[in-house]
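K.L.:
Structure provided below as structure tokens; questions to follow.
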Amino acid sequence: MTTPSVHPTPLTFDADIAGLLFGGFWSNNGNAGSPLSLSYSFASINSYYLSDYDGDGNSSSTETDEEPNYFNLSPITTQLKTTVKYALDLIENYTNITFNEVSDSISTEGTLRFGGTNLSYSSAWAYLPNYRSIGGDVWFSANEDWNTIKAGTYYHQTILHEIGHALGLKHPHEEDIDGGSIKDPTRDSLAYTTMSYRDYIGGSTTGFANPEWCPYTYMVDDIKALQFLYGKNDSYQTGNNTYSWTNKVVFETIWDAGGTDTINWTGKNAVCKIDLTAGALSFFGGVSQYSNPLYWTSDQGILGIAYDCIIENASGGNSNDILMGNSSNNVLTGNAGNDTIYGRGGNDHMNGGLGNDTMLGGSGNDIYYVNSSGDRVFETTSTTSTTNAGGTDLVYSSISLSIGNIRYVENLTLTGSANLSATGNALNNTLTGNSGNNVLNGSAGNDRLNGGLGNDTMLGGSGNDIYYVNSSGDRIFETTSTTSTTNAGGTDLVYSSISLSIG
218 MTTPSVHPTP LTFDADIAGL LFGGFWSNNG NAGSPLSLSY SFASINSYYL SDYDGDGNSS
278 STETDEEPNY FNLSPITTQL KTTVKYALDL IENYTNITFN EVSDSISTEG TLRFGGTNLS
338 YSSAWAYLPN YRSIGGDVWF SANEDWNTIK AGTYYHQTIL HEIGHALGLK HPHEEDIDGG
398 SIKDPTRDSL AYTTMSYRDY IGGSTTGFAN PEWCPYTYMV DDIKALQFLY GKNDSYQTGN
458 NTYSWTNKVV FETIWDAGGT DTINWTGKNA VCKIDLTAGA LSFFGGVSQY SNPLYWTSDQ
518 GILGIAYDCI IENASGGNSN DILMGNSSNN VLTGNAGNDT IYGRGGNDHM NGGLGNDTML
578 GGSGNDIYYV NSSGDRVFET TSTTSTTNAG GTDLVYSSIS LSIGNIRYVE NLTLTGSANL
638 SATGNALNNT LTGNSGNNVL NGSAGNDRLN GGLGNDTMLG GSGNDIYYVN SSGDRIFETT
698 STTSTTNAGG TDLVYSSISL SIG
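Here it is, written out as structure tokens:
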């Protein structure tokens, strides 16, 4: 097995990660993204360290090029080891790194070395990748309680943070050794990176306001930076996965490499704002990246979707939720409440569920589900725009509906078995009935009208219309109304599955 060495971090102009990268990273060949096997070990009070290894967490020149020996060693707890392995597993899930545990002795030790010390300069500290033997070493103070480490707490966050250093990530508010980037302050918080000293945007760098609510995982910019250095693991979570939470604070980021996946907030009373855009944050319980985690409770928090991660579907809860799709084909379900749904790109399915919902399909061939007279459909780029968002679109409606005032929606299908009406617009519409006795009115355009089962009444309106007759009770009118004798215009065609006279 090739022993990795330290190589200069490649230059990047990506503002999301430039402020997280230090001067070096571990590699066999210096090429960012290459597969890498990296060893690690846990030091004990019997581990071997040379006497001139300082390793005290200071950044002074007293740190030497030697491996440590005996200075103030203390045992490392079982729970700390477990959490370190959890963090390394996370990084394996994200990247092309494979971590291998080795024994820690006079003859062997890991490239990453985790140890306990009685020194009390800090809760923990780590050394970034460098050519000196302290590079990649992580130390935990025995003055802290590492026996009970719960996910999402300060101690858990500290372990994620220090391992980030050992792999080449720095604090976002500090320059690197070459005077490089400081991270954009609007993305300098735990919402975006576990390397931050701020638990919310604009927070202090002197200490977290609430050590009980910290990220369970690395966050969106951490994962992007780690994948920039060490490549992407494209074999992790490739099935059809559903992400949901029960009675807990949400503070994590999803990395999912494939399948058809869903973020599920169904049944929850806390409001949600779910954004399926890769690299974006979603918010639960009314919080934002500016919210202090000190005040968070169950069903509140922040969820990230990693860059280059595609989550297709989202389901809201019982409140007035906001669901936003991405460029994929999304299924967005509002459930209860007066929801606002943005399909964005792709061929999307949007169903607001109960309540008076607002749905904007965006580009693509979108499908809307209408079940309330208060539902509003927009195939424009915004609720105030008149610009066509694009695509050939369809509304399924369980109530009588006119799309006369819905710009750029072409097709309407009635659902259920009630006797409903469907009215088109000036486009070339396809109007389809349900099993009831429907009234279909094409209005202008070259329309197709199919009443389906039941005894249906069809008015094509102006244009070259096509009718589908399958019941002796179906009625066709090419007049301006059912009582008019005025020709609506056009050259029209009837397809009939029964004997029929148009005389």
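Under my numbering, think of the first position of the sequence shown as 218, with each following residue one higher. Ideal Cβ placement from N, Cα and C applies to all residues, glycine included.
Unbroken beta strand (DSSP E) runs of length 3 or more, entirely within the segment 498 to 553: which are they?
P.N.:
If we require 3 residues or more, the beta strand (DSSP E) runs fully inside the segment 498 to 553 come out as 498 to 501, 518 to 522, 530 to 532, 539 to 541 and 548 to 550.
K.L.:
If I measure Cβ to Cβ from D525 and keep anything under 7 Å in the same chain, skipping five residues before and after, which residues do I get?
P.N.:
K449 and A495.
K.L.:
For the candidate residues G707, V223, L717 and T300, whose alpha-carbon lies nearest to that of R692?
P.N.:
Selected option, being the one with the closest Cα: L717.
K.L.:
In this structure, does DSSP put F357 in helix, strand or coil?
P.N.:
F357 falls in the strand class under three-state DSSP.
K.L.:
Starting from the Cα of S615, find the closest Cα among N658, G570 and T603 and give me that residue.
P.N.:
The shortest Cα separation from S615 among N658, G570 and T603 belongs to G570.
K.L.:
In chain order, what residues of the same chain have a beta carbon less than 6 Å from the beta carbon of S276, not counting five sequence neighbours either side?
P.N.:
Low per-residue confidence applies at S276: pLDDT is 46, beneath 50, and the placement is therefore not dependable, though the value from the model is reported in the following sentence. If we look at S276 and ignore the five residues flanking it on each side, it has no Cβ neighbours.
K.L.:
Near T697, what residues of its chain come up, given a Cβ to Cβ distance below 7 Å and the 5 sequence neighbours on each side ignored?
P.N.:
Counting only Cβ-Cβ distances below 7 Å, and skipping sequence neighbours, we find T703 and A705.
K.L.:
From Y586 to S452, what distance separates their C-alpha atoms?
P.N.:
Looking at the two C-alpha atoms, the distance is approximately 35 Å.
K.L.:
By how many angstroms is the C-alpha of K367 removed from the C-alpha of E280?
P.N.:
At E280 the pLDDT is 47, less than 50, meaning the model places this residue with poor confidence; the figure from the coordinates comes in the next sentence. Whole-angstrom Cα-Cα distance: 33 Å.
K.L.:
Which of helix, strand or coil does DSSP assign to F230?
P.N.:
In this structure, F230 counts as coil in the three-state DSSP scheme.
K.L.:
Please find out if some non-hydrogen atom of the ligand ADP comes closer than 7 Å to the beta-carbon of R330.
P.N.:
For the structure depicted, the ligand ADP is absent and the ligand set is empty, with no information on it obtainable.
K.L.:
Helix, strand or coil for Y371 per DSSP?
P.N.:
Three-state DSSP puts Y371 in a helix.
K.L.:
What three-state label does DSSP hand K485 in the structure shown?
P.N.:
If DSSP states are grouped into helix, strand and coil, K485 belongs with coil.
K.L.:
So what does Y613 bridge to, in DSSP terms?
P.N.:
The partner list for Y613 (beta bridge, DSSP) reads Y586 and T630.
K.L.:
Between the Cα of Y371 and those of D405, D610, R415 and L386, spot the shortest distance and give me the residue it belongs to.
P.N.:
Of the candidates D405, D610, R415 and L386, the one whose C-alpha sits nearest the C-alpha of Y371 is R415.
K.L.:
Can you tell me whether DSSP reads N704 as helix, strand or coil?
P.N.:
DSSP places N704 in strand when its eight states are reduced to three.
K.L.:
Identify, in the order they occur along the chain, each residue of the same chain with its Cβ nearer than 6 Å to the Cβ of S638, setting aside the five sequence neighbours on each side.
P.N.:
Excluding residues within five positions, the ones whose Cβ falls inside 6 Å are S617 and V656.
K.L.:
Since L261 and D321 should fall inside the 8 Å C-beta cutoff, what is the C-beta to C-beta distance between them, to a whole number of angstroms?
P.N.:
Checking the sequence, you will find Ser at residue 261 rather than Leu. Going by Cβ atoms, the distance from S261 to D321 rounds to 7 Å, so yes, they are a contact pair.
K.L.:
How far does the alpha helix (DSSP H) with L666 in it extend, from its first residue to its last?
P.N.:
Run containing L666: none in the alpha helix (DSSP H); it sits in the beta strand (DSSP E), R665 to N667.
K.L.:
Just the Cα atoms here: how many angstroms apart are D574 and S532?
P.N.:
The alpha-carbon atoms of D574 and S532 are separated by roughly 14 Å.
K.L.:
Whole angstroms is fine: what's the gap from K298's alpha carbon to G562's?
P.N.:
So the two alpha carbons sit approximately 44 Å from each other.
K.L.:
Pick out whichever of I480, Y447, S258 and I519 has its Cα sitting closest to the Cα of G369.
P.N.:
Comparing Cα-Cα distances from G369 to each of I480, Y447, S258 and I519, the minimum goes to I519.
K.L.:
Output needed for L493: all residues of its chain with C-beta closer than 7 Å, excluding positions within five of it in sequence on either side, in chain order.
P.N.:
Excluding residues within five positions, the ones whose Cβ falls inside 7 Å are I522, I528, A531, M541, G542, N543 and N547.
K.L.:
Can you list, in chain order, the residues of its chain whose CB lies under 6 Å from that of N537, leaving out five sequence neighbours each side?
P.N.:
The residues are G554 and N555.
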